[in-house]
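Participant:
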Amino acid sequence: MEQHILTLLIFLPAVGAVALMLLPIRSGQASGGSLAVTAVSLVFAVAELGLALVAWSGISPGMRGFQFRVQADWIPDLRVRYDVGVDGLSLMLVLLTAFLTLLAVVYSTRVERRAREYMVFLLVLESAMVGVFCALDLVLFYVFWELVLIPMYFLIGIWGHERRVYAAVKFFIFTFAGSVLMLVGIVYLYVQTGSFSLVDMTTVGSPAAQGLAAIPARSLMWLYAAFALAFMVKVPLLPFHTWLPDAHVEAPTAGSVILAGVLLKMGVYGFIRFCLPLFPAQMAASAPLFLAISVAGIIYGAIVAAIQPDMKKLVAYSSVSHMGVVMLGVFSFTELGLAGSVIQSINHGVSTGMLFFLVGMLYERRHTREIAAFGGIRRVLPLLSALFMLAAFSSAALPLTNGFVGEYLVLQGAYLSDHSGPVYAAFAALGMILSATYMLWLFQRAFCGPVRHEANASLSDLGAREKLVLIPLAALVLWFGCYPTPWLRMAQRIELAVLPGPVRSAESNALTHWAPPREAQP
Amino acid sequence: MSEIPIAPLVWAIPGLPLIGFVLNMLWGGRIVRLFGDARGRGIVGGLATLTVFGAFAVSVVALSQLLGLDPEHRRALASLIPFAERVPWIVIGSVSVHFSALIDPLSVLMCLIVTGVGGLIHLYATGYMADDRDYPRFFAYFNLFIFAMLVLCLGESLLLMFVGWEGVGLCSYLLISFWYDDEGNARAGNKAFIVNRIGDVGFMLGMLTVLAAFGTLSFRTEAGTGVLDLAAQGRTAAGPLTVGLASLICGLLFVGACGKSAQFPLHVWLPDAMAGPTPVSALIHAATMVTAGVVMVSRMSVLFVQAPTVLLVVAAIGLFTALFAATIALTQTDIKKVLAYSTVSQLGFMFLGCGAAAFGAAMFHVTTHAFFKALLFLGAGSVIHGLSGEQDMRRMGGLRRHMKVTYWTMLIGWAAISGFPGLAGYWSKDAILGLSSGMVPAGMVFYLVGTFTAFLTGFYMTRLMAKTFWSESRTDRHGHDPHESPPSMLIPLIVLAILSVVGGWLGTPWANAFERFLEPSLPEVVVAEGHGGIPHGLGLVIGALVAIAAMATGVLAYRRAPGCELLSDAAKRSNPLYRGANALWGVDGAATAVFVRGGGRVAELISTWIDRRLIDGLVNAVAVVTGFASEIARGVQTGYVRFYVKTMLAGVLAILAYALLSAGAR
Amino acid sequence: MGPPNQVVADLGGVIPLLALWCGACVILLVAPLLRRGAGARLAPILGGAGVLAALVAFMRKQEAGYGSSLFAGGMVTDSLYSSGLLVLLLSGFISVLVAQSYLRSRGIAHPEYYAFILLSLSGATLMIQANDLIVLFLGLELMSFGLYVMAGFARTDPRSDEAALKYFLLGAFASALFLYGIMLTYAFAASTEYSNIQSLVAHGALKQPMGIAAVLLLLIGLCFKVGAVPFHQWSPDVYEGAPTSATLFLATTAKIAAFVALLRLFDVFAGGPDAWLPVLRAIAVVTMIVGNLLAIAQTNIKRMLAYSGIAHAGYLLITLVCVGLRFAGPKGTQASTLALTANVFYLLAYALALGGAFGVLCYLSSRDRDVQTLSDLRGLAGAKPAIGYSMVLFMLSLAGIPATAGFIAKWQVFNSILTGGDIALSVVMALASALGVYYYLRVVWYIVFDDPGTTAQSVSASERPSGGAGAAIAICAVCTLALGLFPSAISGFLTVVR
Amino acid sequence: MSFAVPTEHYLLLSGLLFCVGVAGVATKRNPIVVFMCIEIMLNAANLGFVALGRHYGEAGGQIITMLIIAVAAGEVAIGLAIIVSLFRTRETINLDEVNLLKL
Amino acid sequence: MRPGVLMFWALALPLVVSAVMVVASRNPMRSALYLVAHMLLIAAMFLSLSAQYVAAVQVIVYAGAIMVLFLFVIMLLNLSGKGVLERGAGWLFGMAMSAGLAALMVGAGVWRHGLHAGKATAKSLSAGGTAQSIGFTLFDPELPWLFPFEVASVLLLTAVVGAVVLAKRKL
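So the protein sequences, as listed, match chains A, B, C, D and E. The first sequence begins at 485 in the numbering used here and counts up one residue at a time. The second sequence begins at 89 in the numbering used here and counts up one residue at a time. The third sequence begins at 929 in the numbering used here and counts up one residue at a time. The fourth sequence begins at 2 in the numbering used here and counts up one residue at a time. The fifth sequence begins at 8 in the numbering used here and counts up one residue at a time.
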């Protein structure tokens, strides 16, 4: 079990998807069939979350290195290995994935149109996402990375809203175009190092590491650029963000949740997992640029979010802003900033996920996302409103909600970083104001005031299914806000550590001083 | 650091209100339904009030135990939750924050004020809000506020203080927009929160700088490595504390204080905050929350005294705000607005005190102001209650006959805030003014302008009294007659009135028990008496004269004034001073124009032009151009064989030409 | 005079070829003896049997190594041949299966079609086995003759006739160019056999204008067959006009044979890369871009796949570039060896995806409706999930999305070109494939996004000839997925060693 | 051994003929004539092969030529069949009118 | 001028002219007849290159069978007068490119360098073109022509069947 838990984690949902496909029901068949579909997908989603929790509890706290590592030959001709392992960072993201997918499944039990396909795609998506977070072989990673696109493309395209085709294609091509150069980069790395293994490349003295060290700095910079572009598009960082509002808005609710909750994190994860150990010097050199666009993203996303007339779009743009915070943390190269951005990633998944669910619930009731179509519904939907407010404040990083912990750590980390950190921190802190502005303004316009539209007067408050989705999220919002310690501990267990040398100088916390050994060599 | 026996129970100070919040939030509505309306509301309100008084009781015990210690040892750490050491909040790298309280005179004083005055206002609110349909929600929020305020006061580190800081902001937002069915209220709540957030950014940045400089966020630690411990020794974690660093930190923190304590130019939210129910105005926007800035500055006073420039700025902003708000208060017609601007003005006085390094005096004013301003607001609430919601003073008048208790208690409040000799406001305000006169530079300017503002205070308060209680009645007669409020509202009035009289006796210049009590929390910088300033005795006399003069002028002026208006409508229109003050000196208008409308326009432009048209436009342009190129290029596929042959031939020719010619060149 | 039993022994090396010929002859002889219907039913079985016989014969005699010659050097059997033949026969078998359904639904189920498949395959086999330019030329013509006939097989359809004419005229023109290239090669080498040419290339024959012209004319002749720009213009028209099953066959067979032949041929010319490598690079770049660009505007799937095939030819030409690096240092040698396997694997992945995609079109075609436009596929996934998602899989494989064979294929191409150190070309390929994703996705969205409409999917009701196409789709889907997940499973068959 | 007429002359002649054929293919609109021009190209190659065979003193060139003649014969058979078939459905073989498939 | 040279030029000029006339004739029938002439001239050229057997094959197969087929189809389709030369940009362009190709190949000296000294001897020349020597060479297992020769038969089979399939009125 211990040995194969990651393999199980990765492939269990896929098995579930296959099981769903094989269910002996007609596609046209109504209730009985959909019940079976629901049951099967729920069973697998729950089992996946259970497995993730088992892995979480099983990770040995003191040990260094990747846990539950499994290595096997996959494509021996090309020296591609099935190499999986987790550290704190990946495990957190796996857990988040399993959790949000379960909620998405629960929420989507109401989907009637092509329900079986829907669940199949959700489960396949889950498999791919978990795979992304577990893979330690670059090819394996890339395979999962691209695989994620397909089910999401279908989710947006089939069950999306009016402009779904546009959004789905834009999403796919944008991210594909971003990552295809990474493929070139991966192969180039292989050609130079003779290995696809991240661990090999970062193990001192291994032939792969020597190969990496022998790559000239110019080439490394280009390599880094290829990787960074893929991840930037995914995060997304300014100016590669425009796929995001379209995709989020057009996706069905569960799709938006997973898109925001997990998919965006893949970009962050890529930066931390791959760019940081492989190209530390290049990444440090690019830090001023990335810090600047992260901060610009924070402010820009918030400003654009503020005036969106469409609720979902507003939340989508707020994601741009929040992911700016996350990237600010990554590029601060400080322990605090890094941990903060990991925490913030999780938090963003939880609170933006919650917001998307809530917007989805409103959409289900009124079939519109226009803010102007609402107004005064707080009186009609007290519970939904309260939870919306909670999510909004979490998004605005109110202390004792999850949003604060991450944002504070990121700001502190940014402040402590080299590269005139205080300046970036100061500008980033403006996001505090702006996030409060757009969230509260949204809340005011949609929920406060008198009930202006007849249709709003008779809406019904949350049902059991919706509570089942929202209450866990709300609990997490408060839990992470009040007791983030377990997550912080996990977030510190990032395996940058494969890098040797003076990893982090105790005084400044700065990780930029990891002089990678190759710099020293002539 | 000392041990005090009550330490294991300190969690109850914020904890009890928190419990009240949770109970009322989750089950308040159910209780009301279960026990019937009247009894249910009694239980809900009672529960809320009792938790606050319970916290008050614990605070009193803490005070007594603290007083039992030597003054220099009056400092203790206590945990706010069980197993605080085991269950930290944020511990990573150099950030280590636990849910712990710092018990020292400053925090205990604030606990007493918050729970004491807060308890009274809770009691008052059980009457004032009795008929509100969201009764449980109100008390839940109210309790939550008390909790947050106590965390702010008690927190042992800046980050925990920030929790309370934002928490009170949240409660302020919730309570201002409590009656959210009116979108104006919601908007006012937003304004409060957002403007506060501007200040919070300052606080946050200050905090970031503190951690960077001191390596910790704790105020005091057992090992003496807290921020204040180090700052008191003039050093940081790594080296000496420079004036520049201290100024940076203090400047940033002061921005935070400006936001929370409504100092110019961040004062704009406070008058709007009056949209909330009156107990909210009394508790949050007069007595407690708005003084948080002063508390914070006092808490960090060890640092502030090492940043003289910042102190000067603090004083200047305080003084300007005091004068500025006082002039506006002269023209307001909404009774709560008058009191709101009065609050802004009084907060200005407090910061003047802080700026003069007279933190003790500032805190003293915080205390007395809590008494009399709460009293005034509650009185005003009583009036509003009595008039079924009327807030416009132009439609009041002659209420002294109908609302005797309210009238008399308000009268005491009036005297206290105006600085009538012997009452609470007199002592605290004069302490501040006296000490400010010794400031370097320009101490006398501060003193004179401050004294003039004190005169204005007396005058606008007299105007309020005259318009509300004394003049002939201008109430609409179609409603009910004005009626006196229920006892639950009057008892707090009476208690606060008493406090407004006696509260100042703790801090007379002769026997300043108050300042001596606070001393362990404040830096050991004493502004030498008379050093460049005016002597104490003279100050007291001048203060008394100014107060009496202001009150007398007001009384005389308004006794004669027809319809209780000093200026005719025409004069109001033509007088630039009146118009300026009545227009809030244009600050709100400008802020709205720039930040709300201008910001909205800019956001619109960015969204449309940069985001949609430029960035997304480029993305789509790539797609469109590609598609277009494809459409154009497919035209090459003419379908004619001869054309295809020619294309092939051209290819052959080009390839051969290139290869042969380049080979020839080689 | 050598011993005659040497000739007999050499015949052992061409057994697959002989099997194909025998199959063709049997069909041609037996079919006229039977009644029309019976002949039409029997022919595909015979055709399939012929291909399978060739496959079995080939499997019994796996070849390793490189360049073991037969018939006094005219032909070889080696690992490039054996892996190429595997791909070729597989695609031929799929073509037979698909034709079995399609020809009947179009009412042109003449038994001779299968004979042409076998003959054409034999020509292709000759091409990949040729070690002599004349053998290559004969193979090329033999293959082309079959393809011309198959393209025009729907004789009453003016589009089919037009396709045949265009293919024929342009093909003959290209053949003439190719032949002239042979003549010039013969002029400097005094021989048409590869080893002789190679030794002269090593002596700098390609520095002379004659050598340059020769090698480029040979390149152009074969570039025509693979559809490289600017010799590509026949392919959209022919793909569209030819009967779908013939389109499938000519799209896969011609490409496989021509590319394997190119590899072998340019391995010979690798000693003088200056003469042709820059040209080849340019052709590859232009081909990738033009193919992908023009595919975007297409709404006819066959036509779109033609342009897509052009783009894929561009990617495949990159492997040829690698071959040109053979003598450019150790990395170059490694790259050229990798490129051989990469090329064959790519061809296999391409053949599977294309076989599946055209198989789907054939599967859906009926007597009234020849399915070939995007809107014909609208909502297919809802109506027929297995077929619809198989088509999705083929499109993804063509787009090179992971977990499909197409990805592994692209991967190997990247691997070989980057080993060779040509980063620019790999970047162009990456960007071009990103450009290409769009039109594959468009097919996917037509299939999947819409609910089954009223217009499409009358197929389920009609009396569509069953069998072949469905089987072909299943084989292709399973293989595409399996090769995407476990490509090493068949590396024993596909890896080309030198 | 030297020849009265150097082999290069034959090659040049074959090249010219080849180019004439190319010109015809590129300009004629009757597919039969186009096809004839292709035959000219093939013959040009044949001429080259025979001349080269003589130059190198081996029979290979001639054998190649014979094989090419066979191929040409086959090509003609199929090509003309295609043209006939096209004429049957379209009533024309003018290449400028054979234009259903394009873009 | 040696007779060989004279003969070369005497054949070369008509060869070029006949080829040009194939292209230049408006009537396909004329083109076909010029082509017949061209084929015969080529055969003569083969003779001058002492390739007697090939010359015979050229006359029989090409000038005979193939050209008859051409003429037959032309008559069948009754296309006289339709093969008009196109004039204009396209025509000019095609001509220019062909001329350019010729100029390029001549200018670059494609035919000039590259030939190396052959093994030709007087014996090989005298024996070279007879049916016997061709036959021996063709079926020599040491030489690679045997199998291609067999392939040619399949090629012709394919062509024959293909022509039938395409052109027969009813299959």
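Ideal Cβ positions, reconstructed from N, Cα and C, are used throughout, including at glycine. Everything numeric in this text was worked out from a predicted model, so none of it was measured.
(1) Checking the sheet assignment: what are the DSSP bridge partners for Q555 (chain A)?
(2) Please identify the residue among A:Q676, A:V623 and A:D684 whose C-alpha is closest to the C-alpha of P1330 (chain C).
(3) So, does the stretch 638-650 of chain A touch the stretch 1330-1347 of chain C, judging by three or more C-beta pairs under 8 Å?
(4) Run down chain A in chain order and give the residues with a C-beta less than 7 Å from the C-beta of M292 (chain B).
(5) Starting from the beta carbon of M180 (chain E), find every residue of chain B whose beta carbon is closer than 8 Å, and list them in chain order.
(6) Mind listing the chain C neighbours of L665 (chain A)? Cutoff is C-beta to C-beta under 9 Å, in chain order.
(7) Return the chain-ordered list of same chain residues with a C-beta closer than 6 Å to the C-beta of F1322 (chain C), the five sequence neighbours on each side being excluded.
(8) Can you confirm whether M36 (chain E), when its beta carbon is compared against all beta carbons of chain D, has any partner nearer than 7 Å?
(9) Among B:T541, B:G272 and B:S576, which residue has its Cα nearest to the Cα of A637 (chain B)?
(10) Decide if L1178 (chain C) is buried, meaning its Cβ has at least 16 other Cβ atoms within 10 Å, or exposed.
(11) Can you pull the chain C neighbours of Q725 (chain B), defined as C-beta to C-beta under 8 Å?
(12) Any C-beta of chain B within less than 7 Å: which residues of the stretch 723-745 of chain A qualify?
(13) Helix, strand or coil, according to DSSP, for D704 (chain B) in the structure here?
(14) Among A:D561, A:S525, A:Q487 and A:V538, which has the Cα closest to the Cα of L1411 (chain C)?
(15) Closer than 7 Å by beta-carbon distance: list the chain A residues that pair up with R285 (chain B), in chain order.
(16) Is the beta carbon of A776 (chain A) less than 7 Å from the beta carbon of S805 (chain A)?
(17) Measuring straight from C-alpha to C-alpha, what distance separates T680 (chain B) and P96 (chain B)?
(18) Could you please tell me which residues of the stretch 1105-1118 of chain C, in chain order, have their CB closer than 9 Å to any CB of chain B?
(19) Taking Cβ positions only, does L22 (chain E) come closer than 7 Å to chain C?
(20) Smallest Cα separation from F281 (chain B): which of A:F927, A:L607 and A:A523?
(21) Assuming contact is defined by CB atoms lying nearer than 7 Å, are T456 (chain B) and A512 (chain B) in contact in what I supplied?
(22) Could you check what DSSP says for T455 (chain B) in three-state terms: helix, strand or coil?
(23) Between the stretch 766-776 of chain A and the stretch 678-693 of chain A, do three or more beta carbon pairs fall short of 8 Å?
(24) Suppose you measure from the CA of L492 (chain A) to the CA of F1044 (chain C); what does that come to, to the nearest Å?
(25) Over what stretch of residues does the beta strand (DSSP E) that includes L55 (chain B) continue unbroken?
(26) Looking at chain B, which residues of the stretch 1222-1244 of chain C have a Cβ within less than 7 Å of any of its Cβ atoms?
(27) Between B:L168, B:S182, B:K348 and B:T641, which lies nearest to T51 (chain B) when the distance is taken from Cα to Cα?
(28) Pop quiz: A150 (chain B) and V98 (chain B) are said to be a contact at Cβ under 8 Å. What is the actual Cβ separation, rounded to whole angstroms?
(29) Can you give me the C-alpha to C-alpha distance between R387 (chain B) and M807 (chain A), rounded to a whole angstrom?
Facilitator: Reading from the atomic positions:
(1) A:D567
(2) A:V623
(3) no
(4) L895, A913 and M916
(5) The structure shown does not extend to residue 180 (chain E), since chain E spans only 8 to 178, so no value can be given for it.
(6) V1355, A1358, L1359 and A1362
(7) A1281, G1284 and A1285
(8) no
(9) B:T541
(10) buried
(11) Q1161, P1164, D1165 and L1222
(12) P723 and T726
(13) helix
(14) A:D561
(15) M916, I917 and A920
(16) no
(17) 49 Å
(18) L1105
(19) no
(20) A:F927
(21) yes
(22) helix
(23) no
(24) 50 Å
(25) Residue 55 (chain B) cannot be examined here, being either before or after the span of chain B that is shown, 89 to 754.
(26) L1222, I1224 and A1225
(27) In the structure displayed, chain B extends from 89 to 754; residue 51 (chain B) sits before or after that span and is not available.
(28) 7 Å
(29) 35 Å
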